[in-house]
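Before any comments, here is the structure.
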Amino acid sequence: MLTRFLFLFATSVLCCTHRRCATRQWCSGFFCVALLWLGLTLPAFAQSEAADDAVFVEDSPWTFGIAAGYGRRDNPFVGSDDIKLNAILDLAWYGERWFFDNGDVGFTLNQTEQFSASLLTTFDNERNYYSYLSNGSSGLDLSSLRELAIDKGFGMMGIAGGDGEDLEALDTEELEELIFKDQDTALPERDFAVNSGIEFLYISRWCDLQAQLLTDVSGTHRGESAWLAYSYPWITPDSEFSLTLGMEWKSRDLVDYYYGVTRDEAIDGRPAYTGRAEINSVIRFSATHALSKRWRLVGVVEQEYLGKHIRNSPIIERGRVSTAFIGIYYKFL
895 MLTRFLFLFA
905 TSVLCCTHRR
915 CATRQWCSGF
925 FCVALLWLGL
935 TLPAFAQSEA
945 ADDAVFVEDS
955 PWTFGIAAGY
965 GRRDNPFVGS
975 DDIKLNAILD
985 LAWYGERWFF
995 DNGDVGFTLN
1005 QTEQFSASLL
1015 TTFDNERNYY
1025 SYLSNGSSGL
1035 DLSSLRELAI
1045 DKGFGMMGIA
1055 GGDGEDLEAL
1065 DTEELEELIF
1075 KDQDTALPER
1085 DFAVNSGIEF
1095 LYISRWCDLQ
1105 AQLLTDVSGT
1115 HRGESAWLAY
1125 SYPWITPDSE
1135 FSLTLGMEWK
1145 SRDLVDYYYG
1155 VTRDEAIDGR
1165 PAYTGRAEIN
1175 SVIRFSATHA
1185 LSKRWRLVGV
1195 VEQEYLGKHI
1205 RNSPIIERGR
1215 VSTAFIGIYY
1225 KFL
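Structure follows, in C-alpha cells:
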C-alpha cells in the first residue's frame, strides 16, 4: 500500500493509509471549509500485517479520519503570523482508476504492487501564506517601519510637524499612516493555481520514491514545478517511523508570481523584485503509533530550506520554514 498525508484548515500535516506514496512535500489540500494548503505529509499509520485495522483500509474505497493536537508552521513572509495546526481532516477515495486524495484528483495509468503512474490535478500551495499576513497593509514589519520613519525624519517632525513623535509608541497601522499617508501600500493578493501533470510512485521494503511534474492549467502564473523525494521507513507491528529527503523545483513564472514585487507594487522599504527559478530542499521525520484499531498517535517535524531567489525577495524574511505537529488521530473508515 502506498501512503499519502494531509493537514486541515490552512495547512496539511496529517498522514493516512492511502494508495499513494507518503513522500510528497506538501499536499495541496483545498477542500472542506477553507482547507488551504501547507499539506505536510506525516507517517504512514502502521501498515504492517499485524495491525488490526487492515479492515478499514482494504474493505472500503474510502478513508476518513480526524486528528487533533498541537502544531505550528513558520510563515516566511515579512511580518506575518505563523500558522497554527490544531485540527486535521483526512479524506480520500480510491476507485479502480480514479481517486480523490485530500484535495488531489487523479487517474491511475498503470499500477503494480510497487509502482504506479498517475495523471494528477492539485492546487498550488504557495497562495496559503498570504492568508496569514498579520502585518499592516504594506507588508513591512514594525521594526522596518520604524527604521523607515527615522530615515524620513518623522522621529523629529512628528505627525503634525510639531514636537517630535515617539515612534516606539506607534503601532504598525499608525506608522504606515505616518510614512505613506494616502499611498496604496497593500501587499497585493495572489490567486490559487490549479496544477496538472504526472506522478510516479515506487515503494519497496527499503524506500519510497515519488516524482511529480506539474504545470499551471488555470492561467494563474503559467509556471511549472517538479518534486522528487526519497523516504526510508522503519516499521514495527504497532509503529512506523519515516525519514524523508525531498527537493522541489519551481519555475521562474511561479517564483515571480508568488514571491516577486512588480514596479506598481514597490514602495519605500519594499523594492521591485523579479523572481527566478529555484529549488527548495526538505528534510522530514514522521512517526505514528497504533493505540487501537482506530486510535493512533502521530507526529512530524520538518525543515524546508528556501532557495536563494526566494529568500532574497523583499517580502520574505526567513530562509527556512519549520513545521512541527503532535496529536492523536481517530479513523472512522
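Residues 895 to 1227 (my numbering) are what the sequence shown spells out, left to right.
Built from N, CA and C at the ideal position, the CB exists for glycine as well.
Given the structure is predicted, the values throughout are model-derived calculations rather than measurements.
Around the CB of alanine 1087, 16 or more other CB atoms lie within 10 Å, so the residue is classed as buried.
For arginine 1157, the CB contacts under 6 Å within the same chain, skipping 5 residues up- and downstream, are Ala1166 in chain order.
Taking leucine 1003 as the centre and dropping the five residues before and after it, the same chain places the C-beta of Ala1011, Ser1012, Leu1013 closer than 7 Å to its C-beta, in chain order.
Here threonine 1066 carries a helix assignment [DSSP, helix/strand/coil]. Counting the other CB atoms within 10 Å of its CB gives glutamate 1198 a total of 16 or more, which places it among the buried residues.
The alpha-carbon separation between serine 1098 and threonine 1182 amounts to approximately 19 Å. Membership of tyrosine 964 in the beta strand (DSSP E) is indicated by the continuous run 956 to 967. Cβ-Cβ separation between arginine 1146 and glycine 1169: approximately 6 Å, consistent with a contact (criterion under 8 Å). Taking the Cβ atoms as the reference, valine 1195 lies roughly 14 Å from glycine 1140, outside the contact range of under 8 Å. Straight across, the Cα-Cα distance linking serine 1186 with aspartate 998 is about 29 Å.
In the structure shown, alanine 1043 adopts helical secondary structure according to DSSP, grouped into three states. Around the C-beta of proline 1082, fewer than 16 other C-beta atoms lie within 10 Å, and the residue is accordingly described as exposed. Nearest to threonine 1006 by C-alpha distance, out of Glu1020, Ile982, Arg991, Phe1017, is Arg991. Counting the other CB atoms within 10 Å of its CB gives threonine 1130 a total below 16, which places it among the exposed residues. Setting aside the 5 residues that flank it on each side, tyrosine 1224 is surrounded in the same chain by Gly959, Ile960, Arg1188, Trp1189, each with a C-beta closer than 7 Å to its C-beta; the list follows chain order. In the DSSP assignment, no residue is bridged to glutamate 1159.
Residue pairing by DSSP puts proline 1127 in a beta bridge opposite Ser1136. Collapsing the DSSP output to three states places aspartate 1147 in a helix.
In the displayed model, asparagine 1022 falls within a helix according to three-state DSSP.
Secondary structure note for lysine 1202: its alpha helix (DSSP H) is the uninterrupted segment 1202 to 1205.
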